[in-house]
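Asks: Residue 568 in this note's numbering sits at position 537 of the sequence shown, and the numbers go up by one each step. The structure's right below; bear with me while I get my questions together.
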Amino acid sequence: MDIKRALLYIALAAVATMLWSQWKQEHPTQLPSASPAVESVASPSESSSDEGRYMPSAASPAEKQSSPVGAKPIASSKGSIVTVKTDVMQVGINLKTGDLVHAQLPQYTVSLDQPDQPVQILSNTSGALFEMQSGVISTNTQHMPMQFHADKTYYELKPGQESLEVNLTATSNGITITKSYQFFKGKYQGSLKTTVTNHGSQDWTGQWFQQITRQNVPSSTHHIRSYDGAAISSHKTPYEKISFSSMDKAPLHQSIAGGWVAMQQPYFVSAWVPHSAPTYDYYSHVTTPQNGGANLYTIGYVSQPLTVAAGKSHEQTSQLYIGPEIAKDLAPVSPALKLTIDYGWLSPVSSIIFSVMNNIHHVVGNWGWSIVLVTLFIKLLFYWPSAQSYKSMAKMRKVQPRLLALKERFGDDKAGLSKATMEFYRKEKVNPMGGCLPMIIQIPVFFALYYVLIESVELRQAPFILWIHDLSIKDPYYVLPLLMGISMFLQQKLSPAPPDPTQAKMMMLMPVVFTVVFLSFPAGLVLYWLTNNLLSIGQQWYVMKTFDDKKKQKK
């Protein structure tokens, strides 16, 4: 039993330590690549081009492409910005392109130390570009030079209004493009209706596209992070990560009915969601600025070629989302979009844990106490199997002197000792693995809660008590990890001591190892482990005391 228990401790400590490497492998720092998927362009300081805005190649009806081939730069100067403000977001729209180039979320701050600085999702800042782009491609000309116009440069959702509409219009060569953005009260969801009106005397053929372009700037954060990169959705694969490294290796090339594209950051996501019926060509491309700097990564989709007859018009509506990864907000945009809340391989368990925690939070109003109470709930749920394990440990402690006597009797005869030990276990009705069950139960819950803490924006900057102001980051004073280590030490004192001195030393070292590993873990996760240890100590003491009392009564 002692070897198995030691292995469980070591395995958990090793896996916890390797979590850093696991996340780095999912989103490594990117290096400029010489692959065909990468295109080099002039930086803003060398050209008047809009930084990072590219379009997929057009396809004629006679030569339908299964996907875009590369990307071509649009030579146009940066335009003025139209500002749109609602109760939950403030966005900027570039009048030159009609793109969303700026977005702030006033209800979320960058950090507790900067309460007046809202989180910024989209940005047209050189070196940190992040834009949601859209447009129309003509089969006759790769780019239709246009300048959009709006009625005003500032729109604000007034009290009593449920929605806000911003109309942009541009005309070139007899073709009028109208972009109608709509934003809603209390929602991070919006919509974009793109209308093509043909004022000419001949049919117009072209395609429309939507994409997200982002500069991959290495993060300065040092805590464990969730996925940071692109993603797409299809009927076959509702949620598929498209990492920056995979874009470097080869461009995306898929035909998908409906679906969506997204760029994810820790706790936040930006997404385009087209109409679900047509088939779109999904693509990606990478651009390396000629003067260096971080690569620009674009992921998007382009429609099949469409024809607008002379004097006619055609419109296409899509949904957009710029905001936190909250399931109830993401699901109405697209059911699969809530999968961007990536709970990993234990997603079902994590979802249940978060649901229970969320319901508790509605009552107690504190996420820290929600963690404590959900831990208590889990302990009550597994009370009986844990009690059986502790009874097994109590039996082992009682027979420990006799096991030591067996070891002395057989000396170096390991085969004889093993056979005699198993016979002894069978005679005394002792399960040598019984004491491992509490640890086995904890492991999936530990990882499930870990994913809940790093993926659930609700716990971002959520306080507990006293010095714990953010459960999603490490304890600033390391009090919880130290208390957790002490609780592990006390728990070991209640357990049978290993007969082997080497094993005993190893087990005594485990609380120290765990304490060091947990120093950088989110405070909420350490709070769970500490609470679980304290509850386990109480249950173990009670069960073992009851077992001892019953033994004394029988005598």
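Yeah, the Cβ is synthetic: ideal placement off N, Cα and C, and Gly gets one too. Here the structure is a predicted model, which means the values were calculated and not measured.
For I481, name the three-state secondary structure that DSSP assigns.
Replies: Working through the sequence shown from its first residue, we reach residue 481 at position 450. The question names Ile, yet the displayed sequence has Tyr at residue 481. Y481: helix per DSSP, three-state reduction.
Asks: Which residues bound the alpha helix (DSSP H) around D444?
Replies: By one-based count along the sequence shown, residue 444 stands at place 413. Element bounds for D444: n/a, residue is neither H nor E.
Asks: Does DSSP classify P309 as helix, strand or coil?
Replies: Residue mapping note: residue 309 aligns to position 278 of the sequence shown, counting from 1. Looking at P309 - three-state DSSP - the assignment turns out to be coil, as it is neither helix nor strand.
Asks: For R245, count neighbouring Cβ atoms within 10 angstroms of its own Cβ and tell me buried if that reaches 16, exposed if not.
Replies: For this step, residue 245 is matched to residue 214 along the sequence shown. Burial call: buried.
Asks: Looking at the secondary structure, which residues open and close the beta strand (DSSP E) in which H133 lies?
Replies: Here residue 133 corresponds to residue number 102 of the sequence shown, with the count starting at 1. H133 -> beta strand (DSSP E) spans L131 to S142.
Asks: Only counting the same chain, and skipping five residues up and downstream in sequence, which positions put a Cβ closer than 7 Å to that of I499?
Replies: By 1-based counting over the sequence shown, the position of residue 499 is 468. Annotation for I499: G399, D506 and A554 place their beta carbon closer than 7 Å to its own, counting only its chain and skipping 5 residues before and after.
Asks: Which term fits S91, buried or exposed, when burial requires 16 or more other beta carbons within 10 angstroms of its beta carbon?
Replies: Start at 1 with the first residue of the sequence shown, and residue 91 comes out as number 60. Its pLDDT being 36, under 50, S91 is placed unreliably in this model, and the coordinates cannot settle the point.
Asks: Grouping DSSP H, G and I as helix and E and B as strand, with all else coil, what is M163?
Replies: In the sequence shown, counting from the first residue as 1, residue 163 sits at position 132. In the structure shown, the three-state DSSP call for M163 is strand.
Asks: Could you tell me the alpha carbon to alpha carbon distance between I384 and V405, rounded to whole angstroms?
Replies: By one-based count along the sequence shown, residue 384 stands at place 353. By one-based count along the sequence shown, residue 405 stands at place 374. Between I384 and V405, the C-alpha separation is close to 8 Å.
Asks: With a threshold of 16 other CB atoms inside 10 Å of the CB of T348, please say whether the residue is buried or exposed.
Replies: In the sequence shown, the residue the question calls residue 348 occupies position 317. Classification of T348: exposed, given that the 10 Å Cβ count is below 16.
Asks: If Q570 sits next to L525, beta carbons under 8 Å apart, how far is it from one beta carbon to the other, in whole angstroms?
Replies: Residue numbering aside, residue 570 sits at position 539 when the sequence shown is read from its first letter. Residue numbering aside, residue 525 sits at position 494 when the sequence shown is read from its first letter. With a Cβ gap of about 10 Å, Q570 and L525 do not count as contacting.
Asks: With respect to the alpha helix (DSSP H) encompassing H392, which residues constitute its N-terminal and C-terminal limits?
Replies: Within the sequence shown, residue 392 is the residue found at index 361, counting from 1. Taken as a continuous stretch (DSSP letters only), the alpha helix (DSSP H) holding H392 covers S378 to V395.
Asks: Assuming V227 and S344 make a contact with CB atoms under 8 Å, what is their CB distance in whole Å?
Replies: Translated into positions along the sequence shown, residue 227 becomes position 196. Translated into positions along the sequence shown, residue 344 becomes position 313. Rounded, the Cβ-Cβ distance is 6 Å, consistent with contact.
Asks: Using the Cα positions of H180 and I287, report the straight-line distance between them to the nearest angstrom.
Replies: Sequence index remark: in the sequence shown, residue 180 carries index 149 (1-based). Sequence index remark: in the sequence shown, residue 287 carries index 256 (1-based). In a straight line, the C-alpha of H180 is about 33 Å away from that of I287.
Asks: Considering only the beta carbon of each residue, do I124 and L188 sit closer than 8 Å?
Replies: What you label residue 124 is simply residue 93 of the sequence shown in a count that begins at 1. What you label residue 188 is simply residue 157 of the sequence shown in a count that begins at 1. No, they are not a contact pair.
Asks: Report buried or exposed for Q295, applying the criterion of at least 16 other Cβ atoms within 10 angstroms of its Cβ.
Replies: Reading the sequence shown from its first residue, position 264 is the one you call residue 295. Flag for Q295 reads buried.
Asks: Does the beta-carbon of N204 have 16 or more other beta-carbons within 10 angstroms, so that it is buried, or is it exposed?
Replies: Numbered from its first residue, the sequence shown carries residue 204 at position 173. With fewer than 16 other Cβ atoms within 10 Å, it is exposed.
Asks: I'd like to know whether the C-beta atoms of I168 and G231 end up nearer to each other than 8 Å.
Replies: Numbered from 1 along the sequence shown, position 137 holds the residue referred to as residue 168. Numbered from 1 along the sequence shown, position 200 holds the residue referred to as residue 231. It is not a contact, given that the beta carbons lie outside the stated cut-off.
Asks: Buried or exposed: where does K458 fall if 16 or more other Cβ atoms within 10 Å of its Cβ makes it buried?
Replies: For the purposes of this step, residue 458 is identified with residue 427 of the sequence shown, where counting begins at 1. So K458 counts as exposed.
Asks: Measure the alpha-carbon distance for E356 versus Q492 and round it to whole angstroms.
Replies: Residue numbering aside, residue 356 sits at position 325 when the sequence shown is read from its first letter. Residue numbering aside, residue 492 sits at position 461 when the sequence shown is read from its first letter. Straight-line Cα distance between these residues: approximately 15 Å.
Asks: Would you identify the three-state DSSP class for D147, choosing helix, strand or coil?
Replies: For the purposes of this step, residue 147 is taken as the residue at position 116 of the sequence shown. Strand at D147.
Asks: Between T207 and the rest of its own chain, which residues show a CB-CB distance below 6 Å, the 5 nearest in sequence each way excluded?
Replies: The residue labelled residue 207 in the question sits at position 176 within the sequence shown. Cβ within range, chain order: T228.
Asks: Pull up the distance between the alpha-carbon of A362 and that of P137, whole angstroms please.
Replies: The residue given as residue 362 occupies position 331 in the sequence shown. The residue given as residue 137 occupies position 106 in the sequence shown. Separation of A362 and P137 (C-alpha to C-alpha, rounded to the nearest whole angstrom) is 22 Å.
Asks: In angstroms, rounded to a whole number, what distance separates the CA positions of N247 and A293?
Replies: By 1-based counting over the sequence shown, the position of residue 247 is 216. By 1-based counting over the sequence shown, the position of residue 293 is 262. Rounded to the nearest angstrom, the two C-alpha atoms are 14 Å apart.
Asks: Three or more C-beta pairs closer than 8 Å, one from the region 323-338 and one from the region 209-226: is that the case here?
Replies: Judged by Cβ distances under 8 Å, the region 323-338 makes no contact with the region 209-226, as fewer than three pairs qualify.
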